[in-house]
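Chains U and V, in that order, give the protein sequences.
According to the numbering used here, the first sequence is numbered sequentially starting from 98.
According to the numbering used here, the second sequence is numbered sequentially starting from 235.
Glycine included, C-beta positions come from ideal geometry on N, C-alpha and C.
A quick write-up on the structure given underneath.
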Amino acid sequence: MTEAKEKKRVPLRRGAFEIPEEPGAEPYLVGVKCRKCGKYFFPMRHVCLNCGGRELDKVPLKGKGKLYTYTIVRQQLPGSLVQVPYGLAMVSLEEGCQLETVVTEGFESLEIGMDMEVYFEKIREDAEGNDQIVFKVRAVRS
Amino acid sequence: MGTLEAWKKMREVCIVGVGLHKFGRWPDKSVGAMGREAILTALDDAGAEFKDIEAGFSGRVQDVTGTGQFVFGEVGQTGILIDNVEKACASSATAVRIATWAIGAGLYDVCLCTGVEKMERGLLGRVTDESRAGYAQLMGMFIMPGVYAMRAMRHMSQYGSTPEMFAQVSVKSHKNGTMNPYAQYQTELTLEQVLNARMICDPITLYECSPTSDGASAAVVCAKEVAHRFRGKPITIAGWASGTPEYKPEGVGGDVAEGFIARLAKETYERAGVGPKDIAVCQVHDAFAPGEVFAVEELGFCPSGEGARYIWEGKADIGGEHPVNTDGGLESRGHPMGATGIAQLTEIIHQLRGTAGPRQVPGDPKVGLTHNVGIGGCQMFILTR
């Protein structure tokens with residue numbers, strides 16, 4: 098009798114967010130914060146662009162911000178895992194750094210300036226049957 | 235700006251010959267063959283021979299290694315310095331700027347600069363090998379029109395510009411292209427045709443995108459004090475600037491934000507000793523139609539936010555206040571990435587010489603500007619007669 102393998106969640110590509118071990122726990126975006134001047138950066142980096150500081154601490158980001166601008170992509174890019182049409186958005190995160198990502202939920206009703214939130218979902222399975230996770234943004238549900 | 239004094243001390247540099255291989259689809263022509271034609275045209279235009287060339291700079295984006303060596307080798311093999319130069323879509327303009335520095339410093343009297351490219355059809359940035367593709371590529375974010383589209387959407391939201399105004403850039407571009415025998419597209423398009431074409435990234439339609447292309451360009455650059463040796467009418471490289479977008483502590487920066495082009499424009503004007511009102515004709519980087527709208531603002535032809543209306547009202551037409559892309563620009567002339575920079579300079583040369591034929595800007599133009607953007611950078615020039 099074969100044992101069912103424990104399905105894991107893994108990021109599609111590492112570095113932008115953490116997935117907690119506990120099966121139900123929410124992933125969260127990670128950035129860095131400069132120890133010297135306090136500026137935040139996403140994605141993570143090693144040298145502060147604001148003050149040149151070399152000590153940047155990995156920090157969780159709230160994943161909330163305002164929609165700076167967006168477009169709706171209608172021409173499929175070969176090899177892309179996201180199917181057209183979808184939104185491509187720039188979000189000014191509360192921590193002061195910017196985020197570019199896709200919008201697959203509610204992209205028809207986007208408005209510049211609206212409150213956005215980051216969320217995580219499975220995009221496909223990898224060769225071992227694990228769920229590959231990506232991050233996206235959507236309008237905050239009021 | 236420390237280098238202004240140094241620039242003033244350099245020798246005057248000019249372009250004495252230019253040549254193009256028609257941009258378009260040339261499946262049976264190699265990069266060497268296209269480059270050879272452009273080089274021979276430029277040498278003939280200058281009344282120069284390959285043996286006059288003391289150093290060379292070759293612009294190409296894809297498959298760069300060795301390009302300058304074999305393209306130049308089509309025409310001669312004299313043991314000169316040949317550097318390959320890459321700055322994405324601004325590669326051959328950058329090649330000219332490096333030659334300008336070398337000649338201005340007195341290291342060489344005469345240089346040859348080239349630009350070549352052979353491209354596949356379709357969107358750049360597609361995933362060919364998933365194991366090497368990054369997150370942005372896999373998630374469909376690495377799409378070139380996307381950046382311009384996002385900036386256009388914000389422009390519409392902030393300033394009330396409309397999709398029709400952006401489409402007008404393409405209408406003007408294609409109209410000018412009909413008068414350019416070297417242009418890839420030589421057919422007029424109506425506003426309706428542009429607006430109703432397939433939408434790529436809102437608000438940019440297919441006809442607002444520059445195509446992929448094959449082509450080549452070449453320029454003979456020399457010290458003004460030796461220009462008398464050549465037949466081609468010399469046009470002076472009066473100013474230049476190059477740079478990259480800077481980090482902005484206050485918020486969104488990079489390619490979507492405004493600012494770094496305006497900064498480079500100021501540097502270019504300062505080096506040339508002119509201002510925006512002096513520009514009689516210019517070439518801007520319309521990889522996608524909104525690019526022209528942003529450029530006329532950042533070059534100082536009109537205030538921020540007014541660029542779309544400026545073009546809509548005809549002020550960038552051949553007979554307008556600041557004629558832009560008189561030969562069709564990237565959208566109609568085509569965009570073999572490595573060759574575009576020198577093609578922009580070529581059109582300005584013709585305009586200042588008075589040899590642009592049906593595209594000629596009236597009023598005896600004496601000052602021209604080129605604005606050429608590559609991924610993460612920009613190369614600008616001001617040329618004078």
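Every unbroken stretch of the beta strand (DSSP E) spanning 3 or more residues and falling wholly within the stretch 112 to 154 of chain U is given here in chain order: 125 to 131. R110/U has a beta carbon lying within less than 7 Å of a beta carbon in chain V. Between P379/V and I438/V, the C-beta gap is smaller than 7 Å, which places the two residues in contact. Cβ contact annotation for T299/V (same chain, cutoff 8 Å, sequence separation greater than five): N318, in chain order.
Where M387/V is concerned, there is no enclosing beta strand (DSSP E), although the alpha helix (DSSP H) around it starts and stops at M378 to Y393. For the stretch 164 to 181 of chain U, the set of residues with a beta-carbon nearer than 7 Å to any beta-carbon of chain V comprises Y165, T166, Y167, T168, I169, V170, R171, Q172, L174, P175, G176, S177, L178 and V179, in chain order. For secondary structure counted as the alpha helix (DSSP H) over 4 or more consecutive residues, the stretch 417 to 481 of chain V holds these complete runs in sequence order: 425 to 430. Close to I434/V, with beta-carbon spacing below 7 Å, are these residues of chain U in chain order: R171 and Q172. Straight through space, the alpha carbons of E208/U and V181/U are spaced by roughly 19 Å.
By the 16-neighbour rule on beta-carbons within 10 angstroms, S206/U is exposed. Going by DSSP, D279/V is part of no beta strand (DSSP E) but of the alpha helix (DSSP H) stretching over V265 to A280. For M268/V, the nearest beta carbon of chain U is not closer than 7 Å to its own beta carbon. In the DSSP assignment, no residue is bridged to N410/V.
Chain U has no Cβ within less than 7 Å of the Cβ of Y393/V. Membership of G608/V in the beta strand (DSSP E) is indicated by the continuous run V601 to G608. Under the 7 Å criterion on CB atoms, N227/U is classed as non-interfacial with respect to chain V. A Cβ-Cβ contact shorter than 7 Å links P599/V with Q585/V.
For F284/V, there is no enclosing beta strand (DSSP E), as DSSP marks it with neither H nor E. Take the alpha-carbon of E308/V and the one of G568/V: they are about 24 Å apart. Nearest to R106/U by alpha-carbon distance, out of R235/U, A224/U and R238/U, is A224/U. At least one C-beta of chain U is nearer than 7 Å to the C-beta of R388/V. CA-to-CA, the gap between A453/V and V518/V works out to about 19 Å. From the beta-carbon of A113/U, the residues of chain V found nearer than 9 Å are Y369.
In this structure, K352/V lies near D448/V, with their beta-carbon atoms less than 7 Å apart. Here E565/V carries a helix assignment [DSSP, helix/strand/coil].
In this structure the stretch 589 to 604 of chain V does not lie against the stretch 344 to 359 of chain V, because fewer than three pairs of beta carbons, one per stretch, are closer than 8 Å.
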